[in-house]
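Peer 1: Convert by adding 11 to the 1-based position in the sequence shown; the result is the number in this note's numbering. Backbone N, C-alpha and C define an ideal beta-carbon position, used for all residues, glycine too. My structure is below; once you've seen it, I'll send some questions.
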Amino acid sequence: MSKPDHHHDGRAGTRSRELFAAASKVIPGGVNSPVRAFKSVGGDPPFVRRANGCRIWTEDGAELIDYVGTWGPAILGHAHPEVVEAVQRAARDGLSFGAPTAAEVEIAELLCEMVPSLRGGMVRLCNSGTEATMSALRVARGFTGRDKIIKMDGAYHGHADVLLVAPGSGAATLGIPGSAGVPELVVVDTLVAAWNDIGAVQALIEQQGEAIAAIIIEPVVGNMGCVPPRPGYLQALRELTERAGIVLIFDEVMTGFRLARGGAQELYGITPDLTTLGKIIGGGMPVGAYGGRRDIMERVAPVGNVYQAGTLSGNPVAVAAGLATLRILERERPWPELDRRAQRLCDGLAERASKHALPWTGTRVGSMFTGFFQHGEVWNYEDAKRSDTRLFGAYFREMLAAGIYLAPSQFEAGFLSIAHDDAAIASTLDAADRAMAAVAAAR
Ligand SMILES: *Cc1c(COP(=O)(O)O)cnc(C)c1O
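Okay, here's the thing in structure tokens:
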């Protein structure tokens, strides 16, 4: 190879462009999940060769500081040695049995200890966040004998048919209202309310509360960019659902183990009936889980009559990665430190945006954050959509050229890991200063 060992321009070079062209012939859009295709920011995506700590290396030889964190799971940084070793050890003993294992009991017990709504309750493992939310809704419907559900405009809960209504980020970025291929009949029972508008939920419950099985929310929304709950909102939802016999589901696929040991429900002190988990729970491997109140979870087969299954559910290699990750989090309790570092990063970004007279509204909860290119406050999806996505695209491309790998959409959250040290944050802020100067100059 004639290329230098590494450089920091992360834009797709010859090798990535060749791979993307080849990929596009055999994979729809060249990617296995839509947002990876860079449609909303322009340019071809760099292909990733490997990752370690807070850095990724592209097929073009660029070394980048990563704020995607594989879309949330990489809270320990990439390729944490203890996690990698646990995976290798598990793999040597067989990749899958489709039979019960001791590790499944261990992770279930740990989850029921860490997550408040699982205490004294039960949990079922599956393979993805999508499976977790789909299954939690099925159980809620089976338990209540009701059909309707409420979700929030712009919130994303995976790609199950019933939840592909007003689904935010990926689909929002593509300008697809929901999705083709989802029959109207499948989503007639999916009601949508604006995030942070308790009046809207109250009205729906007054009109049809007797028919509503569940309300599913991202307790801190990550999929329209990071949009926290307004003070008192989660409490009000808890009270309304309790009174109406509606199952409150916190989709903590993104926030679980990220915002606190027990997720957003611990941070805000509100306990839902059911919780869905994913991302960090698999430490980079495909794992999802749903659990909560014992009386509800006892409706799941083979105890109850709500069917849900999976050939690879509780997979020993995936569970080994998840267990190792959760144990490290238990030991290191990194949340206050993550919060401190993320605050420094976000304060620094806001300062530089102001210096270069760019519109910027920063949102952040712990190590989840977004910089919206606008001046207004962002409390729901309508607010988020007022952002200047053209400016975001320019900023994204400048940052990539400067060695910083951000999520390729204005409507995604950024993530910090424990591997993002002070030096990485300082480099990021230097890059942002140059990137914002360039964006401002080209306005
Ligand atoms: C990522 C995500 C999902 C979907 O998880 P997959 O593993 O991608 O299926 C569901 N809910 C939330 C809140 C998520 O962030």
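Given the structure, does ASP262 come close to ligand 1, in the sense that its CB is under 7 Å from one of the ligand's heavy atoms?
Peer 2: Within the cutoff, so yes.
Peer 1: Measuring alpha carbon to alpha carbon, tell me which of THR322, GLY236 and ILE67 ends up nearest PHE384.
Peer 2: Ranking the options by Cα distance to PHE384, first place goes to GLY236.
Peer 1: Would you kindly work out how many angstroms separate the C-alpha atoms of PHE49 and GLY267, rounded to a whole number?
Peer 2: 27 Å
Peer 1: Report the option in VAL389, ASP399, VAL176 and GLY210 whose CA atom is closest to the CA atom of PRO194.
Peer 2: VAL176
Peer 1: Could you tell me which residues DSSP pairs with MET133 in its beta bridges?
Peer 2: GLY303
Peer 1: May I have the straight-line CA-CA distance separating ALA451 from LEU369, to the nearest angstrom?
Peer 2: 7 Å
Peer 1: Closest to PRO419 by CA distance: which of ALA412, ARG408 and PHE426 is it?
Peer 2: For the residues ALA412, ARG408 and PHE426, the minimum Cα distance to PRO419 belongs to ARG408.
Peer 1: From ALA353 to LEU427, what does the alpha carbon distance come to, in whole angstroms?
Peer 2: 7 Å
Peer 1: From the DSSP output, in three-state form, read off ALA177 for me.
Peer 2: coil
Peer 1: Under the rule that 16 or more other beta-carbon atoms within 10 Å means buried, what is SER51, buried or exposed?
Peer 2: buried
Peer 1: If I follow the unbroken alpha helix (DSSP H) through LEU30, where does it start and stop?
Peer 2: 25–37
Peer 1: Which of the three DSSP states is assigned to GLY268 in this structure?
Peer 2: Position check: residue 268 holds Phe in this sequence, whereas Gly was assumed. PHE268 falls in the coil class under three-state DSSP.
Peer 1: Hey, LEU87 and ILE429: beta-carbon distance below 8 Å or not?
Peer 2: yes
Peer 1: Can you tell which of TYR392, GLY131 and GLN276 has its C-alpha closest to the C-alpha of LYS162?
Peer 2: TYR392
Peer 1: Do SER365 and TRP371 have their C-beta atoms within less than 8 Å of each other?
Peer 2: yes
Peer 1: If you count every other CB in all the chains shown that lies within 10 Å of the CB of LEU467, and 16 or more means buried, which is it?
Peer 2: In the structure as shown, the chain starts at 12 and stops at 454, and residue 467 therefore has no counterpart that could be examined.
Peer 1: Rank LEU440, GLY321, GLU348 and GLY295 by C-alpha distance to the C-alpha of HIS89 and give the top, closest one.
Peer 2: GLY295
Peer 1: Would you tell me roughly how many angstroms separate the C-alpha atoms of HIS91 and GLU70, rounded to the nearest one?
Peer 2: 21 Å
Peer 1: Using alpha carbons as the reference points, say which of GLN246, GLU263 and VAL212 lies closest to GLU8.
Peer 2: Residue coverage of the chain in this structure runs from 12 to 454, which leaves residue 8 outside it and unanswerable.
Peer 1: In the structure shown, what three-state DSSP assignment does LYS162 receive?
Peer 2: strand
Peer 1: Indicate the three-state DSSP secondary structure (helix, strand or coil) for ARG254 in the structure shown.
Peer 2: helix
Peer 1: Identify the continuous beta strand (DSSP E) that holds GLY373 and give its terminal residues.
Peer 2: 372–376
Peer 1: Residues in its own chain within less than 7 Å of VAL311 by CB, not counting five upstream and five downstream?
Peer 2: Only residues of its own chain outside the window of five on either side were considered, and among them ARG135, VAL150, VAL317 and GLN319 have a CB closer than 7 Å to the CB of VAL311, listed in chain order.
Peer 1: DSSP three-state label for GLU423, please.
Peer 2: coil
Peer 1: In chain order, what residues of the same chain lie with their CB nearer than 8 Å to the CB of GLN276, ignoring the 5 residues before and after it?
Peer 2: VAL126, PRO127, SER128, PRO230, PHE261, GLU263, THR282, PRO283 and THR286
Peer 1: By how many angstroms is the C-alpha of THR381 removed from the C-alpha of PHE403?
Peer 2: Roughly 11 Å separates the two Cα atoms.
Peer 1: Quick one: grab the DSSP three-state call for PHE261.
Peer 2: strand
Peer 1: Which residues bound the alpha helix (DSSP H) around GLU115?
Peer 2: 113–125
Peer 1: Can you tell me whether GLY109 is buried or exposed? The criterion is at least 16 other CB atoms within 10 Å of its CB, across all chains shown.
Peer 2: exposed
Peer 1: In this structure, does DSSP put TRP68 in helix, strand or coil?
Peer 2: strand
Peer 1: When the Cα of ILE291 is compared with those of PRO327, ILE339 and GLY21, which residue comes out closest?
Peer 2: Comparing Cα positions, the closest option is ILE339.
Peer 1: CB of VAL162 to nearest heavy atom of ligand 1: below 7 Å?
Peer 2: Looking at the sequence itself, residue 162 is Lys, so the reference to Val does not match. Because no heavy atom of ligand 1 lies under 7 Å away, the Cβ of LYS162 does not count as near it: no.
Peer 1: Contact check, GLY220 vs ALA255 under 8 Å by CB: the rounded distance?
Peer 2: 4 Å
Peer 1: Once DSSP output is grouped into helix, strand and coil, what is the label at MET447?
Peer 2: helix
Peer 1: Taking just the CA atoms, how far does THR25 sit from GLY72?
Peer 2: 11 Å
Peer 1: How long is the line joining the alpha carbons of ALA214 and ILE226, rounded to whole angstroms?
Peer 2: 13 Å
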